[in-house]
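Below: one structure, written as structure tokens.
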Amino acid sequence: MNPAIRRQTIADLLRRTAKREPHKPGIVCGDTRWTFAEFDAVVDRVAAGLSKLGVGQGFRVAVLARNSHAFAALRFALARLGAVLVPINFMLKAEEVGFILRHAQARMLVTDTGLSELARAAAKLDTEVTEFVWLPSEEPTTPVTGMVSFDDLASIGCFKVPETPELASTDLAQIVYTSGTESSPKGAMLTHDAIIWQYAACAIDASIAARDVMLHALPLYHCAQLDVFLGPCVYVGATSIITAKPTPDNLLPLLQKHGITSFFAPPTVWIALLRSPLFDETDLTKMRKGYYGASIMPVEVLRELSRRLPDVGFWNLYGQTEIAPLATLCGPEDQLRKPGSCGRPCVNVETRVVDDQMHDVKPGSGEVGEIVHRSPHLMLGYFRDDERTKAAFEGGWFHSGDLATIDDEGYITVVDRKKDMIKTGGENVASREVEEMIYRLPAVSEVAVIGVPHPKWVEAVVAVVVPKAGQALTEQQVLEHCTSSMAGFKAPKSVVFVDALPKNPSGKLLKRELRDRFKAAFA
């Protein structure tokens, strides 16, 4: 039997959707609109062009680009050839991009006009990159000289994609590099079937459905937007609106213009939308599904969202890059019943909360343990890093590095990352607990609690606060609020007021930058 008869790869999903819904809008980005049939045809032509350039099965292609229709097409074109996608965070410096290019042994680098200078600088740093491909952006841009353009790919040679009968669902689809907050970045190797099992979980448990019109605004280099939302939307036949600008001034008009029914953003972006003067002027009556993840949603913000968007059901999605990335979720029916919880494992995942001896912590006891998983979503391991792969799977489970409690109903609540636990005066303090307390102050827009070196306490608890516009707040008010409601060792020793908190393009709070910024002030 020809193996292609039973094949199930990421690219096959698009082809099937295009046959099922050929005339339905599939991708909309700026002035570009593709039906699913048109999207599939573009992917075929781009795949054929890439093949003419030597891209084939196992060939690693790095992408350093902002969101666009072309990024989406490239993703599926690479899958159609059996090539390996290596998405790169565009906020990295040239040296950091160069490390990923070298480590992944990428020979092709795909970029756009705005990032072309960074791409070329990184490629010069002792990498194997010999070919550059240019992608068009959401707004019209001019192709970069010396790079093969996206349109060129679609017109090189014949439009027939080479047959790859040996391509299997267990083949490597992508290598996604972690942020490297504790050490050099690690490349999580994810197969087609790991990603597709995860797509199925998104459709079943997160209710990604064909009738959805979803806005994709967070960077596609990040596995959350790429594989929890864009991929499943293509899988089920939902319409995807793509933008590269996750700012309130851009998002709110798009939400109204396209009648968006489904939207994902990390808590920081939801907070920015709530604080925007445009929010109350925007018609959001068609929105029915709201998703958040990447970091913990403050309970007070969740309650505000529920008040101001009463017809929207919210899902908290939790996971890691290494699990493709969805692991657990808390659905609309439990948002206020289990505030702050990341829910229970999704359909394809088995999750435990364990102590240092791999024993389950007692449900309902408040005991803190580490979240570990088993799932077909999981990575094969870290690319060219056997030592860290072995450590990640110690004891036969994948170790997330997240600390949590579990209640009597099996609902998990993340307490903190191991690296974000603060050890002060011999006591452990979860930064999240202190943040939740400070969010109860009406004048607080955002807060991050960090530990900084201290000669007496080893680490001091410091709160970095962004006040709401036009509202006054003092350090004394914050300190008194905390000390009146929680143990003294948990309360901040100091409060710092700032205009904004540092975040990456995915909206994830960069606590490391805050620790570096303030460590000298309190030493």
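So for the sequence shown, the working numbering puts the first residue at -1; every next one is plus one. Backbone N, C-alpha and C fix where the C-beta goes; we use that ideal spot for every residue, glycine too.
Extent of the continuous beta strand (DSSP E) to which residue i belongs
{"i": "residue 426", "result": "425 to 428"}
{"i": "residue 27", "result": "23 to 27"}
{"i": "residue 384", "result": "It is not in any beta strand (DSSP E) - residue 384 instead sits in the alpha helix (DSSP H) that spans 384 to 390."}
{"i": "residue 116", "result": "Element bounds for residue 116: not the beta strand (DSSP E) but the alpha helix (DSSP H), 114 to 121."}
{"i": "residue 173", "result": "170 to 175"}
{"i": "residue 357", "result": "No beta strand (DSSP E) holds residue 357; DSSP gives it neither H nor E."}
{"i": "residue 130", "result": "129 to 133"}
{"i": "residue 32", "result": "30 to 33"}
{"i": "residue 334", "result": "From DSSP, residue 334 is part of no beta strand (DSSP E); its letter is neither H nor E."}
{"i": "residue 110", "result": "106 to 110"}
{"i": "residue 372", "result": "367 to 372"}
{"i": "residue 328", "result": "324 to 328"}
{"i": "residue 363", "result": "From DSSP, residue 363 is part of no beta strand (DSSP E); its letter is neither H nor E."}
{"i": "residue 211", "result": "211 to 214"}
{"i": "residue 125", "result": "Where residue 125 is concerned, there is no enclosing beta strand (DSSP E), given that its DSSP letter is neither H nor E."}
{"i": "residue 240", "result": "237 to 240"}
{"i": "residue 261", "result": "260 to 262"}
Sub-9 Å separation of residue i and residue j beta-carbons
{"i": "residue 522", "j": "residue 202", "result": "Given a span of -1 to 521 for the chain in the structure shown, any question on residue 522 remains unanswerable."}
{"i": "residue 506", "j": "residue 293", "result": "yes"}
{"i": "residue 460", "j": "residue 516", "result": "yes"}
{"i": "residue 290", "j": "residue 308", "result": "no"}
{"i": "residue 473", "j": "residue 504", "result": "no"}
{"i": "residue 197", "j": "residue 378", "result": "no"}
{"i": "residue 413", "j": "residue 431", "result": "yes"}
{"i": "residue 347", "j": "residue 324", "result": "yes"}
{"i": "residue 172", "j": "residue 193", "result": "yes"}
{"i": "residue 321", "j": "residue 373", "result": "yes"}
{"i": "residue 63", "j": "residue 108", "result": "yes"}
{"i": "residue 368", "j": "residue 339", "result": "no"}
{"i": "residue 184", "j": "residue 380", "result": "yes"}
{"i": "residue 481", "j": "residue 232", "result": "no"}
{"i": "residue 341", "j": "residue 370", "result": "no"}
{"i": "residue 174", "j": "residue 221", "result": "yes"}
{"i": "residue 366", "j": "residue 402", "result": "yes"}
{"i": "residue 313", "j": "residue 238", "result": "no"}
{"i": "residue 55", "j": "residue 188", "result": "no"}
Classification of residue i by the beta-carbon crowding that lies within 10 angstroms, buried from 16 upward
{"i": "residue 475", "result": "exposed"}
{"i": "residue 3", "result": "exposed"}
{"i": "residue 244", "result": "buried"}
{"i": "residue 343", "result": "buried"}
{"i": "residue 528", "result": "Residue numbering for the chain in the displayed model covers -1 to 521; residue 528 lies beyond these limits and cannot be assessed."}
{"i": "residue 421", "result": "exposed"}
{"i": "residue 509", "result": "buried"}
{"i": "residue 400", "result": "buried"}
{"i": "residue 43", "result": "buried"}
{"i": "residue 180", "result": "Low local confidence applies: a pLDDT of 46 at residue 180 is under 50, so the model's placement there is unreliable, and no value is given."}
{"i": "residue 375", "result": "buried"}
{"i": "residue 114", "result": "buried"}
{"i": "residue 128", "result": "exposed"}
{"i": "residue 483", "result": "exposed"}
{"i": "residue 527", "result": "With the chain covering -1 to 521 only, the question about residue 527 has no answer from this structure."}
{"i": "residue 470", "result": "exposed"}
{"i": "residue 288", "result": "buried"}
{"i": "residue 135", "result": "buried"}
{"i": "residue 502", "result": "buried"}
{"i": "residue 229", "result": "buried"}
Range of the contiguous alpha helix (DSSP H) that encloses residue i
{"i": "residue 246", "result": "246 to 255"}
{"i": "residue 191", "result": "190 to 203"}
{"i": "residue 220", "result": "Element bounds for residue 220: n/a, residue is neither H nor E."}
{"i": "residue 14", "result": "8 to 18"}
{"i": "residue 283", "result": "No alpha helix (DSSP H) holds residue 283; DSSP gives it neither H nor E."}
{"i": "residue 481", "result": "473 to 481"}
{"i": "residue 269", "result": "265 to 273"}
{"i": "residue 148", "result": "148 to 151"}
{"i": "residue 99", "result": "92 to 102"}
{"i": "residue 226", "result": "Residue 226 -> no alpha helix (DSSP H), and no H or E assigned at all."}
Distance cut-off 8 Å: residue i Cβ against heavy atoms of the ligand SAH
{"i": "residue 217", "result": "Because no ligand of any kind appears in the structure shown, any question about the ligand SAH cannot be addressed here."}
- Let me know the alpha helix (DSSP H) ranges lying completely inside the stretch 43 to 84, each 4 residues or longer, listed in chain order. 67 to 79
- Which residue spans inside the stretch 397 to 457 form an unbroken beta strand (DSSP E) run of at least 3? 410 to 415, 419 to 422, 425 to 428 and 442 to 452
- Scan the stretch 285 to 314 and note each continuous beta strand (DSSP E) run of 3 residues or more that stays entirely inside, going in chain order. Fully contained in the stretch 285 to 314 are the following beta strand (DSSP E) runs of length 3 or more, in chain order: 287 to 290.
- Are the stretch 146 to 155 and the stretch 48 to 63 in contact at 8 Å, needing three or more beta carbon pairs? yes
- Task: Please determine if the stretch 242 to 261 and the stretch 211 to 230 are in contact, where contact requires at least 3 C-beta pairs separated by less than 8 Å.
- Result: yes
- Query: Is there contact between the stretch 63 to 73 and the stretch 25 to 33, where contact requires at least three CB pairs shorter than 8 Å?
  - Reply: yes
- Item | Segments assigned beta strand (DSSP E), at least 3 residues, entirely inside the stretch 480 to 504 | 492 to 495
- Task: Could you tell me whether the stretch 251 to 270 touches the stretch 108 to 122, where touching means 3 or more Cβ pairs closer than 8 Å?
- Result: no
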